[in-house]
Each structure stands twice: as structure tokens, then as C-alpha cells.
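Engineer: Just passing along the structure, written as C-alpha cells.
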Amino acid sequence: MSFSQSLWDANQALFQSTLELPFNQELAAGTLSQERFRHYMIQDAHYLVAYGRALAVTAAKSDNAEGVVQFANAANEAVVVERSLHDGFMRDFGITPDQFAATPLTPACHHYTNFLVATAWSAPYPVAVAALLPCFWIYAEVGRDIHARSAKDNPYQVWVDTYASEEFHAAVRGVCATVNRLAADANEATRAAMHAAYKDAARLEWMFWDSAYQLGDWLQPLR
Numbered sequence: 273m274s275f276s277q278s279l280w281d282a283n284q285a286l287f288q289s290t291l292e293l294p295f296n297q298e299l300a301a302g303t304l305s306q307e308r309f310r311h312y313m314i315q316d317a318h319y320l321v322a323y324g325r326a327l328a329v330t331a332a333k334s335d336n337a338e339g340v341v342q343f344a345n346a347a348n349e350a351v352v353v354e355r356s357l358h359d360g361f362m363r364d365f366g367i368t369p370d371q372f373a374a375t376p377l378t379p380a381c382h383h384y385t386n387f388l389v390a391t392a393w394s395a396p397y398p399v400a401v402a403a404l405l406p407c408f409w410i411y412a413e414v415g416r417d418i419h420a421r422s423a424k425d426n427p428y429q430v431w432v433d434t435y436a437s438e439e440f441h442a443a444v445r446g447v448c449a450t451v452n453r454l455a456a457d458a459n460e461a462t463r464a465a466m467h468a469a470y471k472d473a474a475r476l477e478w479m480f481w482d483s484a485y486q487l488g489d490w491l492q493p494l495r
């Protein structure tokens with residue numbers, strides 16, 4: 273078994289729980305409310321900027337030129353290409369640039385983005401890559417699952433098609449290959465830290481989608 277497969281298998285129950293979240297069930301059925309999808313899109317656009325930073329930092333830590341290119345390109349994809357997709361959705365769902373800029377990160381988004389950026393800066397390169405993998409892999413598999421059962425004329429089909437695409441899955445395979453190579457040369461302590469980082473990020477993936485459905489926000493301070 274490859275190391276990346278061991279990461280997936282160790283968190284299989286968590287992935288299944290992610291598939292079963294109301295957000296993803298209703299997204300597949302095309303019944304997810306526009307309010308919830310708008311909430312998700314705004315937070316995901318905020319998230320992608322921080323994810324791009326984490327990818328760029330990880331690229332700078334790479335132990336070879338191929339890794340620099342791999343994660344620098346992924347940072348470009350996150351900030352430019354995926355944000356372009358989000359901008360289209362925002363126009364379609366009536367979110368103005370001012371509304372986006374005025375909306376702060378939710379607790380779930382804040383927690384997740386700070387975890388990724390802090391891990392990218394402070395952890396060894398193999399651990400940073402392991403922390404980044406769930407966003408690639410879980411999104412791809414959620415996209416594939418939803419694509420297989422997406423309702424006819426689903427208003428969210430463009431989102432579904434993006435994350436179920438072969439191009440996106442090819443990127444996942446590339447990051448898995450890097451994780452496997454790094455794990456093969458790592459000691460047991462580093463491999464354990466890679467498992468822990470992957471699990472934390474997978475949990476935060478679950479929390480991000482759950483927060484979108486709950487329209488998560490900060491508690492208002494008592495006056």
C-alpha cells in the first residue's frame with residue numbers, strides 16, 4: 273500500500289461523513305439554497321487566497337525543482353483560475369465585490385486557513401505537503417461522487433464538473449506521488465506528523481462544508 277493510500281484509508285470514515293453532510297447531499301440534488309451556496313462561495317474565495325499562500329510557501333521549501341514548479345503552479349491555479357470560477361458564480365448569484373470584501377472569514381474558514389499557512393511556514397516540507405493534500409483529494413472525490421448522482425439541470429453543475437474533471441484528478445495524483453516520495457525517505461516521526469497533518473486538514477474540510485450549511489458566523493459580543 274502506498275503512503276498516500278494509508279492516509280486515505282485511515283480517514284475513510286471521515287470522508288464518508290463528509291459525503292453525507294447536508295450541504296453535499298443537497299448540492300447533488302440541486303436543492304441547496306442559494307443563500308447557503310452564496311455563503312460557501314464567499315468563504316471559499318477567501319480560503320483560496322490563503323491556500324495559494326500556503327502552496328507558494330510550500331513550493332519554496334521543495335527539495336527539488338519539480339516540487340517548486342508543482343506547488344507554484346498549484347498556487348497560481350488556486351488564486352487565478354479557481355478565483356475566476358468563483359467570480360463567475362458570484363456574478364450569477366448576485367454577490368458584488370463590495371459584499372465580498374466586507375464579509376469576514378467565518379470561524380471555520382479562519383481556523384482552516386490559519387492552520388494551512390502556519391503549517392506551511394513552520395512544519396518540514398513533507399508535513400506541509402501532507403496538510404495540503406486533503407483540499408486536493410477530498411474535493412476531487414466529493415466532486416466525483418456528486419457528479420455520479422447529480423440531478424438533471426442542477427443549478428450547481430458547473431461547480432460539480434470542475435471538481436470531477438480529469439484535469440483536477442490529475443493534479444491530485446501528482447500531489448499523492450510527491451507525498452509517497454517524501455514519505456519513503458522520511459523517518460517514522462515525520463511520517464506520523466504527516467498522518468496528523470492530513471487528518472487535521474481532513475477534519476477542517478468537513479468543518480468548512482458543515483459551516484457553509486449552517487451559515488456559520490462569529491458570535492456577536494455581549495453589550
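Residue numbers for the sequence shown follow the working numbering, so the first one is 273 and each next one is one higher. Just so it is clear, CB atoms sit at the ideal spot from N, CA and C, and this is done for glycine as well. All values derive from a computational prediction rather than experimental measurement.
1. Please determine if the region 442-462 and the region 391-406 are in contact, where contact requires at least 3 C-beta pairs separated by less than 8 Å.
2. Counting Cβ pairs closer than 8 Å, one from the region 378-390 and one from the region 333-341, do we hit at least three?
3. For Q284 and S278, what's the separation of their Cα atoms in angstroms?
4. Taking the alpha carbon of R416 as the point to measure from, which residue in L404, A464, V430 has its own alpha carbon closest?
5. So for A274, helix, strand or coil by DSSP?
6. So what does DSSP say about G415, is it helix, strand or coil?
7. From this set, R325, D359, A484, which residue's C-alpha is nearest C381's C-alpha?
8. Return helix, strand or coil for D489, following the three-state DSSP convention.
9. Where does Q306 land, buried or exposed, given buried means 16+ other C-beta within 10 angstroms?
10. Let me check you understand the geometry: is the CB of A468 closer than 7 Å to at least one non-hydrogen atom of the ligand SAH?
Structural biologist: In brief:
1. Taking 8 Å as the limit for Cβ pairs, the verdict is that the region 391-406 does touch the region 442-462.
2. With the cut-off at 8 Å, the region 378-390 and the region 333-341 do not touch.
3. Their Cα atoms are separated by approximately 10 Å.
4. Nearest option by C-alpha distance: V430.
5. Reading off the sequence, residue 274 comes out as Ser, not Ala. DSSP, reduced to helix, strand and coil, places S274 outside both helices and strands of the structure shown, so it counts as coil.
6. In this structure, G415 counts as helix in the three-state DSSP scheme.
7. Comparing Cα positions, the closest option is A484.
8. Secondary structure of D489 (DSSP, three-state): coil.
9. Exposed, because fewer than 16 other Cβ atoms sit within 10 Å of the Cβ of Q306.
10. For the structure depicted, the ligand SAH is absent and the ligand set is empty, with no information on it obtainable.
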